[in-house]
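Residue numbers (my numbering): 441 to 640. C-beta atoms are modelled at their ideal positions from N, C-alpha and C, and glycine is treated no differently. Structure, as structure tokens:
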Amino acid sequence: IIVLLQFTGVYLDSSLRLFTKPLIMISLAMYYFAYARNFLMTFFTAIVAALMGDIFLMWEHEMSFILGLGSFLIMHVLYALVFWKQKDHLDKADILTAFLVTVVALGLVYILIPDVDGFMKIAVGLYCLCILFMVIASVLREKSHLSYIPVLCGALLFMLSDAVLAIDRFSFPIEYGSLVIIGTYMAAQYLIVLGMSDVE
């Protein structure tokens with residue numbers, strides 16, 4: 441219901457989205473709190489940071505964007521730390537996947553940086569490094585967990601969502617970019633929280 445309402449609000453550019461957007465992470469926080477097999481306060485704090493990021497990014501002011509970026513940076517760091525603690529032994533597939541993700545991330549930074557001004561160059565660069573670390577940490581998680589695929593897919597979708605957001609904001613507008621951004625974001629958070637809730 442929240443997803444459908446959020447899509448409707450974004451598509452119609454309605455104030456409805458201001459009401460439904462915080463509900464995305466509120467609902468997932470409630471789900472994790474109620475059903476997590478192994479409740480991790482670090483992961484729950486990351487969910488709260490994402491909620492704060494959603495709230496800050498509802499406004500168009502540059503300071504709100506910076507605060508939102510900072511909130512999501514904290515979220516990515518906390519996600520990465522949780523994933524890193526669940527890492528498995530490295531194999532060739534891990535190395536190859538991590539290499540490909542790194543190439544894509546560096547390519548995106550190379551494309552974006554010329555279009556970003558002043559302090560935001562540092563902020564965007566740091567953010568890209570954090571999400572790269574988060575995705576790589578999700579790749580290195582123990583594969584015996586049933587949560588491995590959902591969490592990995594969620595991390596990759598998060599990277600896609602942020603890439604579209606960055607291109608749409610700093611380089612050139614993307615048709616229906618807002619729908620793509622919010623759609624991939626909601627799917628990413630859902631898969632990550634769902635996966636982490638099932639971890640023993």
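Under a Cβ-count criterion, where at least 16 other Cβ atoms within 10 Å of its own Cβ denotes burial, should residue i be classed as buried or exposed?
{"i": "F496", "result": "buried"}
{"i": "I571", "result": "buried"}
{"i": "K461", "result": "buried"}
{"i": "M470", "result": "exposed"}
{"i": "A474", "result": "exposed"}
{"i": "F523", "result": "buried"}
{"i": "L452", "result": "exposed"}
{"i": "S511", "result": "buried"}
{"i": "L491", "result": "buried"}
{"i": "Y616", "result": "exposed"}
{"i": "S624", "result": "Note on identity: in this sequence residue 624 is Thr, with Ser being the wrong assignment. Looking at its Cβ environment, which holds 16 or more other Cβ atoms inside 10 Å, T624 is buried."}
{"i": "L592", "result": "buried"}
Quick check: what's the CA-CA separation for residue i versus residue j?
{"i": "M465", "j": "S611", "result": "28 Å"}
{"i": "A533", "j": "R581", "result": "12 Å"}
{"i": "S578", "j": "L597", "result": "12 Å"}
{"i": "T482", "j": "L456", "result": "31 Å"}
{"i": "P590", "j": "L634", "result": "8 Å"}
{"i": "A538", "j": "M515", "result": "20 Å"}
{"i": "M498", "j": "Q526", "result": "33 Å"}
{"i": "V556", "j": "I614", "result": "17 Å"}
{"i": "D528", "j": "K583", "result": "7 Å"}
{"i": "S454", "j": "E500", "result": "15 Å"}
{"i": "S504", "j": "I562", "result": "17 Å"}
{"i": "L530", "j": "L507", "result": "35 Å"}
{"i": "V517", "j": "F479", "result": "18 Å"}
{"i": "A489", "j": "E502", "result": "19 Å"}
For residue i versus residue j, is the C-beta spacing smaller than 7 Å?
{"i": "G594", "j": "I621", "result": "no"}
{"i": "Y567", "j": "L509", "result": "yes"}
{"i": "A628", "j": "L552", "result": "no"}
{"i": "V450", "j": "S618", "result": "yes"}
{"i": "Y519", "j": "A545", "result": "no"}
{"i": "A476", "j": "L548", "result": "no"}
Below 8 Å on the Cβ atoms is my guess for residue i versus residue j; work out the distance and round it to an integer in Å.
{"i": "D638", "j": "L600", "result": "About 23 Å separates the two Cβ atoms, so there is no contact after all."}
{"i": "V575", "j": "V541", "result": "5 Å"}
{"i": "Q446", "j": "M626", "result": "7 Å"}
{"i": "L463", "j": "Y630", "result": "Their Cβ separation, rounded to whole angstroms, is 13 Å, which puts L463 and Y630 out of contact at 8 Å."}
{"i": "F459", "j": "Y472", "result": "Actually they are not in contact, since the Cβ atoms of F459 and Y472 sit about 22 Å apart, beyond 8 Å."}
On the three-state DSSP scale, how would you describe residue i?
{"i": "K527", "result": "strand"}
{"i": "R477", "result": "coil"}
Any C-beta of chain D sitting closer than 7 Å to the C-beta of residue i?
{"i": "F573", "result": "Within the model displayed, chain D is absent; a lone protein chain is all it includes."}
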